[in-house]
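Visitor:
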Amino acid sequence: MAGETVITVVGNLVDDPELRYTPAGAAVAKFRIASTPRTFDRQTNEWKDGEALFLTCSVWRQAAEHVAESLARGLRVIVQGRLKQRSYEDREGVKRTVYELDVDEVGPSLTFATAKVTKASGGQRPQQNSGADPWAGAKPANGQQQGSGWGAPPTQQQPAAQAGGYSDEPPF
3 MAGETVITVV GNLVDDPELR YTPAGAAVAK FRIASTPRTF DRQTNEWKDG EALFLTCSVW
63 RQAAEHVAES LARGLRVIVQ GRLKQRSYED REGVKRTVYE LDVDEVGPSL TFATAKVTKA
123 SGGQRPQQNS GADPWAGAKP ANGQQQGSGW GAPPTQQQPA AQAGGYSDEP PF
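Residue numbers (the numbering used here): 3 to 174.
Okay, here's the thing in C-alpha cells:
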C-alpha cells in the first residue's frame, strides 16, 4: 500500500513464536526479535554492543504456521514487513505508543548457520493482513509443538548449532 513504511530487520528471536487462530480461523504467529548494533572501538580494539531494538512481529495465515514450525528462540532471522505505530492508554491512564512489524517475509540468516529449506505443499501466496488486531479473541493452538529448527520435523530434537542456532563463532 502507498505510504507504508517497509523495513528489513536482522535480529535474534527473543522467544519461540506463539501461534494462535482468530475466531474466523486465520492463523497468526507473534514473535519478538532483538536487533543489536555492533561497532568496533578503535581505541580499545574491541567490538561494543549498542542498545538493542526489540520489535514485536506478526505474520499471518500459512506463513504463520510455517514460522511456528520452523523458528525457535535464539535463531538469527531476517524479517521484512510494514512498520506500524499503535497508541493506547494503559491501566494507569498513561498514554503509550508501540511499534510493531506486520511481516511479509521472514527467513533464517545464514551468516552463522546453515539451513535445509523444504518447500511447503500448496504454494498459495499468503493473503495480506486485514488490519484487525491479530490477538483480539485469538485462542492458543491446541496440541501445537514448536519446531526444533529449519527443515527438521517438529518432534525431532537437535543441538542448537544444527538447528540453525546463533553463535558468535563462525562455523569453521
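Glycine residues also receive a C-beta, built at the ideal position from the N, C-alpha and C atoms. Computed from a predicted model, the values in this text were never measured in an experiment.
1) Indicate whether the contact test is met: 3 or more Cβ pairs, each with one atom in the region 36-45 and one in the region 53-60, closer than 8 Å.
2) Using DSSP's beta-bridge definition, name the partner residues of Pro110.
3) What does Thr10 pair with, by DSSP beta-bridge criteria?
4) Counting only runs that start and end within the region 27-68, where is the alpha helix (DSSP H) found for 4 or more residues in a row?
5) Roughly how many angstroms lie between the CA atoms of Val108 and Ala26, to the nearest whole one?
6) Just to check, is the beta-carbon of Pro25 closer than 7 Å to a non-hydrogen atom of the ligand ATP?
7) Please classify Ser123: does DSSP put it in a helix, a strand, or coil?
8) Going by DSSP, name the residue or residues bridged to Thr99.
9) Select from Val79, Phe33 and Thr24 the residue whose C-alpha is nearest the C-alpha of Ser111.
10) Just tell me which of Tyr101, Thr24, Gln45 and Tyr90 has its CA closest to the CA of Trp62.
11) Would Ala138 be called buried (16 or more neighbouring beta carbons within 10 Å of its own) or exposed?
12) Look up Glu94 in the DSSP assignment and say whether it is helix, strand or coil.
13) Under the rule that 16 or more other beta-carbon atoms within 10 Å means buried, what is Glu94, buried or exposed?
14) Could you have a look at Gly149 and say whether DSSP puts it in helix, strand or coil?
Guide: The short version:
1) Touching, yes.
2) Numbered from 1 along the sequence shown, position 108 holds the residue referred to as residue 110. Under DSSP, the beta-bridge partners assigned to Pro110 are Val79.
3) Taking the sequence shown and counting its residues from 1, the one referred to as residue 10 is at position 8. BP columns for Thr10 point to Gln82.
4) Within the region 27-68, no alpha helix (DSSP H) run of at least 4 residues lies entirely inside it.
5) Residue 108 sits at position 106 when you count from the first residue of the sequence shown. Residue 26 sits at position 24 when you count from the first residue of the sequence shown. The C-alpha of Ala26 is placed about 24 Å away from the C-alpha of Val108.
6) Here there are no bound small molecules, and the ligand ATP is not part of this structure.
7) The residue you call residue 123 lines up with position 121 of the sequence shown. Coil, per DSSP.
8) Position 97 of the sequence shown holds residue 99. Note: Thr99 is bridge-paired with Ser89 in the DSSP secondary-structure output.
9) Here residue 111 corresponds to residue number 109 of the sequence shown, with the count starting at 1. By alpha-carbon distance to Ser111, the top candidate from Val79, Phe33 and Thr24 is Val79.
10) Walking along the sequence shown from the start, residue 62 turns up at place 60. Measuring C-alpha to C-alpha distances from Trp62 to each of Tyr101, Thr24, Gln45 and Tyr90 identifies Thr24 as the nearest.
11) Start at 1 with the first residue of the sequence shown, and residue 138 comes out as number 136. Only weak support exists for where Ala138 lies, its pLDDT of 49 falling under 50; the value from the coordinates is given anyway. Classification of Ala138: exposed, given that the 10 Å Cβ count is below 16.
12) Counting from 1 along the sequence shown, the entry for residue 94 is found at position 92. Coil, per DSSP.
13) Residue 94 sits at position 92 when you count from the first residue of the sequence shown. Exposed, since its Cβ has fewer than 16 Cβ neighbours within 10 Å.
14) On the sequence shown, position 147 is the one that residue 149 refers to. In this predicted model, Gly149 has a pLDDT of only 38, less than 50, meaning its place in the structure is not dependable; the value taken from the coordinates is given anyway. Gly149 carries a coil assignment under DSSP once its states are collapsed to helix, strand and coil.
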